[in-house]
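Enquirer: Sharing a structure, written as C-alpha cells. Questions coming.
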C-alpha cells in the first residue's frame, strides 16, 4: 500500500501527537469523504504526519 500521509482526529491528546511528530492541520486537508462526516460539535483537532521522506 502506498500511503503518503497519516491523519487523525483528537479531542484531548494533541500534545502527545505533537511530540510524536504530527502537526496540526486545517480541516480542508481531510479527505472529502471523511470531511463530510466530521462532527463539528466534537471540536476535534486534525493532526497529520507525512510518511514520505
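Residue numbers (my numbering): 1 to 53. Just so it is clear, CB atoms sit at the ideal spot from N, CA and C, and this is done for glycine as well.
Let me know the secondary structure DSSP gives residue 47 once reduced to three states.
Expert: strand
Enquirer: Nearest to residue 44 by alpha carbon, out of 24, 50 and 2?
Expert: 24
Enquirer: Based on the DSSP secondary-structure assignment, which residues constitute the bridge partners of residue 10?
Expert: DSSP lists 45 as the bridge partner or partners of residue 10.
Enquirer: Got a sec? Which residues, its chain only, sit under 8 Å from residue 3 by beta carbon, not counting five neighbours each side?
Expert: 51
Enquirer: Under 8 Å Cβ to Cβ from residue 27, same chain only, skipping five residues before and after it: list those, please.
Expert: 35, 38 and 46
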